[in-house]
Structures are given as structure tokens and as C-alpha cells.
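Have a look at the structure below before the remarks.
In this note's numbering, the protein residues as written are 126 to 462.
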């Protein structure tokens, strides 16, 4: 069926639900087998392995082969079923793989496809309850997930990078992991010289999170990170949740310190009918949050009931991100080649 709810609507509605997770004691014997990232089947995307959905938003293979930068993307939480007692999902879970390719790769990673060759590893993702139950199994689940992301990145560096500049991009749980990845591989490390930008979206990041990787405040700046969390204008995270206060809040339209944008500045967001809607929203930057107006697009009525635009952090600014990633990549190449 061609018509379906936008990824934004589906996930935000899930996040907003109040329910009790079914869970179980974290047991090592229940941990899914670790993937071998030397095997191509353990990657959702490699530069020569774009599925048909991704190809719709990417250059042709000949052009991909000529791209001079790489993009390492880590997808957000997709294992969200309250009845699912698994702490980590096996990477060969076909339902999970389908979600990765048709939702996050298509509507998030694709924004970076014109800036560099895409690398997207499958990883043993932690169930969403791992955040709420961090001290009751969640910590261990996140360690398993991060171990995969780290190993995939090591294999990428060893086999594929060949000294090329890198964009690190992620959302939600993906950012939970790339936040650590930057500390281990880039912060005050030689590899930082190869960092075009880190798009650490959908999680709160402190301005002083890193020693040498700083928040970027202009559209052409390179070597630092950008981050934001999107809510409907006038709304905040649930009462008592103050994680966002003081966090880096990049303007994902102007990419500078502007506190407000106009409709005319919005380049466009991508909807599941594969159409772009430009000049669809205005934003306001507040303490730790990007406040967005209700976007002007076919599902606008349903969006009016939502307060948390978390799952749309990238989709809502898809074209803005695409053009900005291209600009930063061009800037890096001009300065270094």
C-alpha cells in the first residue's frame, strides 16, 4: 500500500505512549552473535551496495565512485515493541533490516548521499527500554550495541577509508553511540584532521563534551559537531526531563547563531510520497531545543496533535542538511587538497 504514515508520525506516537515494558533479566547467553564486518552482508549500505529505495535519492553508481569523502551513518532506535523482551536485536532480524532500509536509510542517511560514499553497518541495537531501564540491563545492552558500531568503524578505517575525509552522521540511539565514537577515534586524535563534520542529532550534547571537537556555528565550518532536538513550538520534554537544558542547539536551516528563521529559508523536508516540501516550516531556537511550527504538508492535520518531533529531526530538514553537508565537504576539500 503506497500511502502510509510518515516515519515521523509513527515513531513519535510510539514515544508518546505510556505503557509497561515487558522485560527479562539481562543474560549473557541471550546476547545475539557478534557480527563480522569483513562480511558485506553485515552492512546495510556500502558504496557499491545501495538498495533501490536509496538509489532514488543518490547519485548514480558512476558518480558515487567519484565522491571524495565518506559518510559513516548510525541509525536510530527501531526496536520499540513493548512486548519484545529482547535487550538487543540480532543483525539478521529481517523485520529490523527492513525498517533500517525503508525508514532510516531512505529518509535520513540519504540526505548525505551526495556528499560522500555511504557506510551503514547493521548493529545489535539496544531495545528502546534500555534508556528507562539503564541500571537493570540497559547499560549492558548499550555496551553490546556500541561494541558493534566501534568494530564496524575499525573495519571501515582498515579496509575502506584510505585516508579520505569523513562525515559522521547519526540520530537518537545512533548518536548515543557516535558520541562515544568521536571521543575514542577523533577527539585530540590524528583522525580529527579528516573530520568534515559530525551530525550528532536527536540526543543532548554538552558544548564541552569534547576537548578538541567544538560545536560549529557557521555553515562552512569544518572539524566540529552540530546537534539539535526538535519539538513543536511552545513544547518541552516531559515534566522532570531536563536533559536538554544547556545542550548544543544548532540551527538546522541557517547553520549559524540565528534564533529564528522564516518560511522562505526552509529548503525542504522529505515525505513518504517521496516528495519534498520547501518553505514548509519556521523554527525558533530556545534553550536546548529547536522549536518548529507545524509543517505545511499533506499530513499537517495529524501533526497538529504532536508535541515531540524527535523522529523528524532529520526528515524535517532533509534538503537543508543535504546542501549543508555538500558545502562543508566542498570547504574541507578546498582547504586540504
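Backbone N, C-alpha and C define an ideal beta-carbon position, used for all residues, glycine too.
> How about residue 378 and residue 347: are their beta carbons less than 8 Å apart?
Replying inline: Within the chain shown, residue 378 is the residue found at index 253, counting from 1. Within the chain shown, residue 347 is the residue found at index 222, counting from 1. Going by C-beta atoms, residue 378 is not nearer than 8 Å to residue 347.
> If you draw a straight line from the alpha carbon of residue 134 to that of residue 205, how long is it in whole angstroms?
Replying inline: Walking along the chain shown from the start, residue 134 turns up at place 9. Walking along the chain shown from the start, residue 205 turns up at place 80. Per-residue confidence for residue 134 stands at a pLDDT of 43, beneath the threshold of 50, marking its modelled position as unreliable; the derived number appears in the next sentence. Using only the alpha carbons, I get a separation of about 14 Å.
> Under the rule that 16 or more other beta-carbon atoms within 10 Å means buried, what is residue 130, buried or exposed?
Replying inline: By one-based count along the chain shown, residue 130 stands at place 5. Caution is warranted here: a pLDDT of 38 is assigned to residue 130, below 50, making its placement in the model unreliable, and the coordinate value is therefore given only provisionally. The residue in question, residue 130, is exposed, as its Cβ has fewer than 16 Cβ neighbours within 10 Å.
> Under a three-way DSSP split, which group does residue 394 fall into?
Replying inline: The residue given as residue 394 occupies position 269 in the chain shown. If DSSP states are grouped into helix, strand and coil, residue 394 belongs with the strands.
> Can you name the start and end residues of the beta strand (DSSP E) that residue 168 belongs to?
Replying inline: Taking the first residue of the chain shown as position 1, residue 168 is located at position 43. Looking at the DSSP string, the run of the beta strand (DSSP E) that includes residue 168 is 168 to 170.
>> Between which residues of its own chain and residue 128 is the CB-CB distance below 6 Å, once the five residues before and five after are set aside?
In response: Here residue 128 corresponds to residue number 3 of the chain shown, with the count starting at 1. Only weak support is given to the placement of residue 128: the predicted model assigns it a pLDDT of 34, under 50, and the value that follows is read from those uncertain coordinates. For residue 128, there are no CB contacts under 6 Å within the same chain when 5 residues up- and downstream are skipped.
> So what's residue 408 in DSSP terms, helix, strand or just coil?
Replying inline: As a working note, residue 408 is residue 283 in the chain shown. Here residue 408 sits in strand by DSSP.
> Can you name the start and end residues of the alpha helix (DSSP H) that residue 426 belongs to?
Replying inline: Start at 1 with the first residue of the chain shown, and residue 426 comes out as number 301. Segment 425 to 428, the alpha helix (DSSP H) holding residue 426.
> What distance in whole Å lies between the Cβ atoms of residue 324 and residue 351, which are believed to be in contact at a cut-off of 8 Å?
Replying inline: Counting from one through the chain shown, the residue named residue 351 turns up at place 226. Counting from one through the chain shown, the residue named residue 324 turns up at place 199. Rounded, the Cβ-Cβ distance is 6 Å, consistent with contact.
>> Going by DSSP in three states, residue 416 sits in which element: helix, strand or coil?
In response: One-based indexing of the chain shown puts residue 416 at position 291. For residue 416, the secondary structure class from DSSP, reduced to helix, strand or coil, is strand.
> How would you label residue 426, buried or exposed, when you count the other beta carbons within 10 angstroms and need 16 or more for buried?
Replying inline: Along the chain shown, read from residue 1 onward, the residue named residue 426 stands at position 301. The residue is exposed, with fewer than 16 neighbouring Cβ atoms inside 10 Å.
>> Tell me the rounded alpha-carbon separation between residue 439 and residue 209.
In response: Counting from one through the chain shown, the residue named residue 439 turns up at place 314. Counting from one through the chain shown, the residue named residue 209 turns up at place 84. Whole-angstrom Cα-Cα distance: 27 Å.
> Is it a yes or a no for the segment 176 to 193 touching the segment 214 to 225, going by three-plus beta-carbon pairs under 8 Å?
Replying inline: With a cut-off of 8 Å on Cβ pairs, the segment 176 to 193 is not in contact with the segment 214 to 225, counting fewer than three such pairs.
> Just the Cα atoms here: how many angstroms apart are residue 290 and residue 216?
Replying inline: Taking the first residue of the chain shown as position 1, residue 290 is located at position 165. Taking the first residue of the chain shown as position 1, residue 216 is located at position 91. For residue 290 and residue 216, the gap between their C-alpha atoms comes out near 28 Å.
>> If we require 4 or more residues per run, which alpha helix (DSSP H) segments fall completely within the segment 211 to 263?
In response: Annotation note: the segment 211 to 263 contains the following uninterrupted alpha helix (DSSP H) runs of length 4 or greater, listed N- to C-terminal: 219 to 224, 254 to 257.
> Any contact of the segment 256 to 274 with the segment 153 to 161, i.e. 3+ C-beta pairs under 8 Å?
Replying inline: Because the criterion of three Cβ pairs below 8 Å is met, the segment 256 to 274 and the segment 153 to 161 touch.
> At what residues does the beta strand (DSSP E) containing residue 357 begin and finish?
Replying inline: Residue 357 sits at position 232 when you count from the first residue of the chain shown. In the DSSP assignment, residue 357 falls within the unbroken beta strand (DSSP E) covering 355 to 357.
> Per DSSP, what kind of secondary structure is residue 442 in: helix, strand or coil?
Replying inline: Counting from 1 along the chain shown, the entry for residue 442 is found at position 317. If DSSP states are grouped into helix, strand and coil, residue 442 belongs with the helices.
> Which word fits residue 273, buried or exposed, when buried means at least 16 other C-beta atoms lie within 10 angstroms of its C-beta?
Replying inline: Indexing the chain shown from 1 puts residue 273 at position 148. Looking at its Cβ environment, which holds 16 or more other Cβ atoms inside 10 Å, residue 273 is buried.
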